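Chemist: To start, I am sharing the structure in question, which I have written as structure tokens.
Protein chains: 2
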Amino acid sequence: MAKKIQPIERCDCDVIHEEIVNKVREKMPQEETLYDLAELFKVFGDSTRIKILWALDESEMCVCDIAFLLNMTQSAISHQLRVLKQAGLVKSRREGKTVFYSLEDEHVKQIFDQGLIHISEESK
Amino acid sequence: MAKKIQPIERCDCDVIHEEIVNKVREKMPQEETLYDLAELFKVFGDSTRIKILWALDESEMCVCDIAFLLNMTQSAISHQLRVLKQAGLVKSRREGKTVFYSLEDEHVKQIFDQGLIHISEESK
DNA sequence: AATATATATGAAAGCTTATTCAAGTGTTCA
DNA sequence: TGAACACTTGAATAAGCTTTCATATATATT
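Those protein sequence lines, which keep their order, are chains G and F. The opening position of the first sequence corresponds to residue 1 in the UniProt record's numbering, with each subsequent residue numbered one higher. The opening position of the second sequence corresponds to residue 1 in the UniProt record's numbering, with each subsequent residue numbered one higher.
Here it is in structure tokens:
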């Protein structure tokens, strides 16, 4: 995918590679899109949240069940669930005193799978 | 980040839902796998790194070109390239004084795409 | 109404991380 | 050899994040 460039000895970068930089700049998505993408991956970048998402992919669960499953305080889980909810990754429904959480977006597993492919490639 | 060793108090909820929790626990991947997955997404969770990866997907580039493209100092870019390299996402080759970076893993774009699907779904 | 249970939340502590600055390495060329 | 260039690296600072603790809210039960 990466295009070879001419063997340039000097890097008067701004001048000589200007063409490449301009071409890349044109093809780059909007600043905001890339920012949003980073924000999404940031949410995935914590093992507690990864575990929560993985668990919810298996089954709808209430807060204290998740806390017990992961051996963490209910408060910590609640805080993380809020992050996940704000990211549009999980949703909740109340049933009496209990609040059940479940996945909002079915692509979560697919994002995980792509990540796992990279990890398995790397460990070769 | 550091996890508590002390056991989490179980609520009545846990007793009732014990079956679900046990079922989910069985199906969860290894602790280490989930940790590695989070570490990978953590690397994607920064807009500077996202931009670098996106740029390198378009074309192999040298450090100061990336710095110019993103309007950042060469030092900052160099630090981030090291993170990306350690994650096995980019590779480098030296040509004289210049060091060219390119993508190491062709799945990067696919991971981005999955993320973008989520973002577009969310903005509906 | 009072109490217990399940969850949410605000603030603070403690840790992580991104960028900057200054100094270093490696390469080319006069 | 020395100066210029491209890049790297270590330390420091500042910003951000996760968890804990204490407290608040919502619901059910007696």
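Glycine included, every Cβ here is placed at the ideal spot set by N, Cα and C. All values derive from a computational prediction rather than experimental measurement.
With a threshold of 8 Å between beta-carbons, can Arg-94(G) be considered close to chain F, or not?
Modeler: No, its Cβ sits nowhere closer than 8 Å to a Cβ of chain F.
Chemist: If you check the beta carbons only, do Val-43(G) and Leu-84(G) fall under 8 Å apart?
Modeler: Yes, the Cβ-Cβ distance between Val-43(G) and Leu-84(G) is below 8 Å.
Chemist: Taking all protein chains shown into account, decide if Ala-67(G) is buried (16 or more other Cβ within 10 angstroms of its Cβ) or exposed.
Modeler: Looking at its Cβ environment, which holds 16 or more other Cβ atoms inside 10 Å, Ala-67(G) is buried.
Chemist: When the distance is taken between beta carbons, is Asp-57(F) closer than 8 Å to Leu-103(F)?
Modeler: Their beta carbons are under 8 Å apart, which means Leu-103(F) touches Asp-57(F) by this criterion.
Chemist: Can you find a CB in chain G that lies within less than 8 Å of the CB of His-79(F)?
Modeler: So, not an interface residue.
Chemist: Answer with buried or exposed for His-118(F), where buried requires no fewer than 16 other C-beta atoms within 10 angstroms of its C-beta.
Modeler: Buried: at least 16 other Cβ atoms inside 10 Å.
Chemist: So the candidates are Val-24(F), Arg-25(F), Asp-113(F) and Lys-51(F); which of them puts its Cα closest to the Cα of Leu-26(G)?
Modeler: According to the sequence shown, residue 26(G) is Glu rather than Leu. Of the listed residues, the one whose Cα sits closest to Glu-26(G) is Lys-51(F).
Chemist: Using beta carbons (cut-off 8 Å, strictly below), is Gln-86(G) in contact with chain F?
Modeler: Chain F contact via Cβ: absent.
Chemist: Residues of chain F with CB closer than 9 Å to the CB of Glu-121(G), please, in chain order.
Modeler: Neighbours of Glu-121(G) on chain F, chain order: Gly-88, Asp-105 and His-107.
Chemist: Against chain G, does Glu-58(F) count as a neighbour if the rule is that its beta carbon must be under 8 Å from one of theirs?
Modeler: It does: the Cβ of Glu-58(F) has a partner Cβ on chain G nearer than 8 Å.
Chemist: Is the CB of Lys-124(F) under 8 Å away from at least one CB in chain G?
Modeler: Answer no: the Cβ-Cβ gap between Lys-124(F) and chain G never drops below 8 Å.
Chemist: Could you spell out where the beta strand (DSSP E) holding Thr-98(G) opens and where it closes?
Modeler: Where Thr-98(G) is concerned, the enclosing beta strand (DSSP E) stretches over 98 to 103.
Chemist: Measuring straight from C-alpha to C-alpha, what distance separates Tyr-101(G) and Ser-59(F)?
Modeler: Rounded to whole angstroms, Tyr-101(G) to Ser-59(F) spans 42 Å at the Cα level.
Chemist: Helix, strand or coil: which one does DSSP assign to Cys-64(F)?
Modeler: Cys-64(F): helix per DSSP, three-state reduction.
Chemist: What residues from chain F crowd round Arg-25(G), counting only those whose CB sits closer than 7 Å?
Modeler: Here the neighbours are Leu-69.
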